[in-house]
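Sequence order for the protein chains is A and B.
Take the first sequence: its position 198, counting from 1, is numbered 1018 in my numbering, and each next residue is one higher.
Take the second sequence: its position 247, counting from 1, is numbered 1067 in my numbering, and each next residue is one higher.
Beta carbons: idealized from backbone N, C-alpha and C, even for Gly.
Reviewing the structure listed below.
Protein chains: 2
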Amino acid sequence: MKFEAVTIKDIAKALGLSTSTISRALRDSHEISAETKQLVLECAEKLNYKPNPIALSLKEKRSRSIGVVVCEIANSFFSQVINGIESIAYDRGYNVIVSQSHESYDREVVDLQFLSSRSVDGLIISLATETTDLSHIKALHDRGMPIVLFDRITEEINTHKVIVDNYRGAYDATEHLIKNGFKRIAALAGSEFLSITSERLAGYNDALKAHGLEYSKEYVQHCYYGGMVFSEVEEAVNKLLTLKKRPDAIITTSDKLTTGCLRTLKRRGISIPDEIGMIGFSNYDIAELVDPPLTVIRQPAEEMGKAATELLLQLVESKRPVKEFEKRVLTPELQVRASAIKR
Amino acid sequence: MKFEAVTIKDIAKALGLSTSTISRALRDSHEISAETKQLVLECAEKLNYKPNPIALSLKEKRSRSIGVVVCEIANSFFSQVINGIESIAYDRGYNVIVSQSHESYDREVVDLQFLSSRSVDGLIISLATETTDLSHIKALHDRGMPIVLFDRITEEINTHKVIVDNYRGAYDATEHLIKNGFKRIAALAGSEFLSITSERLAGYNDALKAHGLEYSKEYVQHCYYGGMVFSEVEEAVNKLLTLKKRPDAIITTSDKLTTGCLRTLKRRGISIPDEIGMIGFSNYDIAELVDPPLTVIRQPAEEMGKAATELLLQLVESKRPVKEFEKRVLTPELQVRASAIKR
DNA sequence: GTGAAAGCGCTAACAG
DNA sequence: CTGTTAGCGCTTTCAC
């Protein structure tokens, strides 16, 4: 089952030259005569020679590959981010190695360890829900591994970061609900430890405050697994529905929470937006086709992936250690549809 | 920006032993004394030694990574497949390198060439729409590269394949429409050259025939880019809508075609299923939340990814050349909802 | 039981 | 201009 590749040696033998000559000719070195180059190139072509990147990696101590860790690939937001990552990586000649944490800290540790030991040149990471201890990432970072964090980030690690303005997104969404006459606005959020959760909830809180609306602790439900487990969402939504002062709208702070919430409401036959208004973070491209058309805060996911990759490759390819890091904050888009407009 | 790793040499130096002894001790060779092993292991632990897989790859001519080529990552079906691939690969200690063809033949060629030259141990491929010439894949296959094809496959390459019973899925879906009183059933399909297109259309045709329904060529519209380009879908749907004998139902043969068709119909204010019934291949997990709830033929995407990976690793790890190949045909599921039921 | 040496494919310093 | 040699990290004969 091996796959015998043509090496520089084969060309050398075929041409009666030394391997170094071949190597130089292939790299178009100026110290090789035009004729020899010509000869070598032709022969390489004929034998279908392909340089062995493994050998190169061993020599150069870089693999031209980058590792990506997300909680889940089969998620509209993350798959779009990966799409963006892949497209830039492709343009720059890098491979993308994808792995999933499934929101598990242990799995994230293993993934990262695996990727770094596989000599990826850099890492693009969105933290797992369970992750509170960051020493595994810090250790890599301290040892010089280029890292870019996106979406679920942490201030504890000083490196490039790419996020959207989560505060703004949630603030605007909440305000949108308020302006549309909703008064008892609940929030369905992910784990409290996630950066996106606190940022988004802060926007939600401040919008309520700014409009003099009451903020009630029981109006904020956390789903530790952020929607990965549907039953958790269902339970949380049900809890909201049984409050004495039942909310008249819900804002959801992530993709899976949004669909989980919608699914629960629809299964219970609750009419949206009449009984309950809905707005949520979501990157589904069919939000407009949903019943009712879903008002969403959409993240420029592909852009985020592209930005993260550009920043990462900047680190990877930098000659000198980078000390100044950038937090790139993109703008989420509020796509207004029927689910959050009282009729 | 380098990342200085501890090597076997460092341990050797620290312990005053030779690198070969260290190597053997680490691999728990029987020709090393228990004490030495103990010593080496402790030292390795202390120095946080991690074997360099690149060096190993160079030696063993395998990289413990597999390459995946799909047309698009940000697609519910493919992201679910990749999820399945990643999970098995992870369990078996392999990395997954993902790349996208974006339905382009040229891009597929480059992707494959890139991946194989990066010494992936095997490839999991779903063909691009544009691909009709298979020589690039054949060449790899002939040179011994383990390959598993899924979803969009070809009979021209004799290797393991994983698909669903596309014929059955389309047949059942069409029959479902017929049994629900639809009589003029159109099909919106992808490129004619794709295996999934012909298989699914065959099921569609045969179901029509079996029920004595007229088959009209103009009822079958092909979108060459299979929904990647929305305008193409829109145009095709519009063409169907302007036929003198306007269809009363449409079956769509892929994820993007399904959403594209639905989007077009909704934008035009056409009521589903009253004016036109709809059924389509789709792996969106929110098909039930769409308006109207969408009847879909759902593929067991994650299973497919898992099966493909298991078959691939079987090839990769086989000692002797494999001559017998398997075509694994999974069963698609018809999820019946409102969009295909006359009311 | 342990070490020396060769080699995986390639590059680069050093000789001619 | 071209060849020789060493070396990237590791395994694996072959010696001792």
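Can you find a C-beta in chain B that's less than 8 Å from the C-beta of residue i?
{"i": "A1056 of chain A", "result": "no"}
{"i": "A1127 of chain A", "result": "no"}
{"i": "Y925 of chain A", "result": "no"}
{"i": "R847 of chain A", "result": "no"}
{"i": "P1093 of chain A", "result": "no"}
{"i": "P873 of chain A", "result": "yes"}
{"i": "I893 of chain A", "result": "yes"}
{"i": "E950 of chain A", "result": "no"}
{"i": "T994 of chain A", "result": "no"}
{"i": "R972 of chain A", "result": "no"}
Give a yes or no on whether 8 Å exceeds the smallest Cβ distance from residue i to chain A.
{"i": "Q1155 of chain B", "result": "no"}
{"i": "Y1045 of chain B", "result": "no"}
{"i": "V1110 of chain B", "result": "yes"}
{"i": "L877 of chain B", "result": "With the sequence shown as reference, residue 877 of chain B is identified as Ser, and Leu is not the correct amino acid for it. Yes, because at least one Cβ of chain A sits closer than 8 Å to the Cβ of S877 of chain B."}
{"i": "S939 of chain B", "result": "yes"}
{"i": "K822 of chain B", "result": "With a pLDDT of 44 at K822 of chain B, under the threshold of 50, the modelled position of that residue is not reliable, and the figure given next carries that caveat. Taking Cβ atoms only, chain A reaches closer than 8 Å to K822 of chain B, which makes this a yes."}
{"i": "S919 of chain B", "result": "yes"}
{"i": "N986 of chain B", "result": "no"}
{"i": "Q1119 of chain B", "result": "no"}
Any idea if residue i is buried or exposed, counting beta-carbon neighbours within 10 angstroms, 16 or more meaning buried?
{"i": "A1030 of chain B", "result": "exposed"}
{"i": "D931 of chain B", "result": "buried"}
{"i": "Y869 of chain A", "result": "buried"}
{"i": "T1151 of chain A", "result": "exposed"}
{"i": "E975 of chain A", "result": "exposed"}
{"i": "Y1035 of chain B", "result": "exposed"}
{"i": "K822 of chain B", "result": "Note on K822 of chain B: pLDDT 44, under 50, position unreliable in the model; no value is reported."}
{"i": "D953 of chain A", "result": "exposed"}
{"i": "N978 of chain B", "result": "exposed"}
{"i": "T1062 of chain A", "result": "exposed"}
{"i": "L867 of chain A", "result": "exposed"}
{"i": "G887 of chain B", "result": "buried"}
{"i": "S849 of chain A", "result": "exposed"}
{"i": "G1032 of chain A", "result": "exposed"}
{"i": "E1122 of chain A", "result": "buried"}
{"i": "D911 of chain A", "result": "exposed"}
{"i": "K833 of chain B", "result": "exposed"}
{"i": "G1125 of chain B", "result": "buried"}
With H, G and I counted as helix, E and B as strand and the rest as coil, what does DSSP make of residue i?
{"i": "A1069 of chain B", "result": "strand"}
{"i": "S924 of chain A", "result": "coil"}
{"i": "Q933 of chain B", "result": "helix"}
{"i": "R1083 of chain B", "result": "helix"}
{"i": "E1153 of chain A", "result": "strand"}
{"i": "G964 of chain B", "result": "coil"}
{"i": "M1098 of chain B", "result": "strand"}
{"i": "R844 of chain A", "result": "helix"}
{"i": "H850 of chain A", "result": "coil"}
{"i": "K822 of chain A", "result": "With a pLDDT of only 44 at K822 of chain A, under 50, the local geometry of the prediction cannot be trusted, and the value read off the model is given with reservation. K822 of chain A: coil per DSSP, three-state reduction."}
{"i": "G942 of chain A", "result": "strand"}
{"i": "I977 of chain B", "result": "coil"}
{"i": "S1036 of chain A", "result": "coil"}
{"i": "K881 of chain A", "result": "coil"}
{"i": "V1110 of chain A", "result": "strand"}
{"i": "T952 of chain A", "result": "coil"}
{"i": "I1117 of chain A", "result": "strand"}
{"i": "V1057 of chain B", "result": "helix"}
{"i": "R1148 of chain A", "result": "strand"}
{"i": "V1136 of chain B", "result": "helix"}
{"i": "V860 of chain B", "result": "helix"}
{"i": "V901 of chain B", "result": "helix"}
May I ask you to list the residues that DSSP assigns as paired with residue i?
{"i": "H1042 of chain B", "result": "B:A1009"}
{"i": "L969 of chain B", "result": "B:I945 and B:K981"}
{"i": "N915 of chain B", "result": "B:S885"}
- Task: Say whether the segment 1049 to 1057 of chain B touches the segment 1079 to 1089 of chain B, bearing in mind that this needs 3 or more beta-carbon pairs closer than 8 Å, one atom from each stretch.
- Result: yes
- Message: Is it the case that the segment 1011 to 1027 of chain B contacts the segment 980 to 988 of chain B, given that we only count it when at least three CB pairs across the two stretches are under 8 Å?
- Response: They touch, by the three-pair rule.
- Query: Below 8 Å, can you find three or more Cβ-Cβ pairs linking the segment 1128 to 1144 of chain B to the segment 1058 to 1075 of chain B?
  - Reply: no
- Message: Taking contact to mean 3 or more Cβ pairs, one atom from each stretch, closer than 8 Å, check whether the segment 1116 to 1134 of chain B and the segment 1089 to 1109 of chain A are in contact.
- Response: no
- Task: Taking 8 Å as the threshold, find out whether the segment 963 to 982 of chain A comes into contact with the segment 933 to 949 of chain A through three or more Cβ pairs.
- Result: Yes: the two stretches touch, three or more of their Cβ pairs being nearer than 8 Å.
- Query: Would you call the segment 1037 to 1051 of chain B and the segment 1001 to 1017 of chain B touching, i.e. three or more CB-CB distances under 8 Å?
  - Reply: In this structure the segment 1037 to 1051 of chain B lies against the segment 1001 to 1017 of chain B, because at least three pairs of beta carbons, one per stretch, are closer than 8 Å.
- Inspect the CB distances between the segment 902 to 916 of chain B and the segment 857 to 871 of chain B and report whether three or more fall short of 8 Å. no
- Message: Below 8 Å, how does it come out for the segment 911 to 926 of chain A and the segment 886 to 898 of chain A: are there three or more Cβ pairs, yes or no?
- Response: yes
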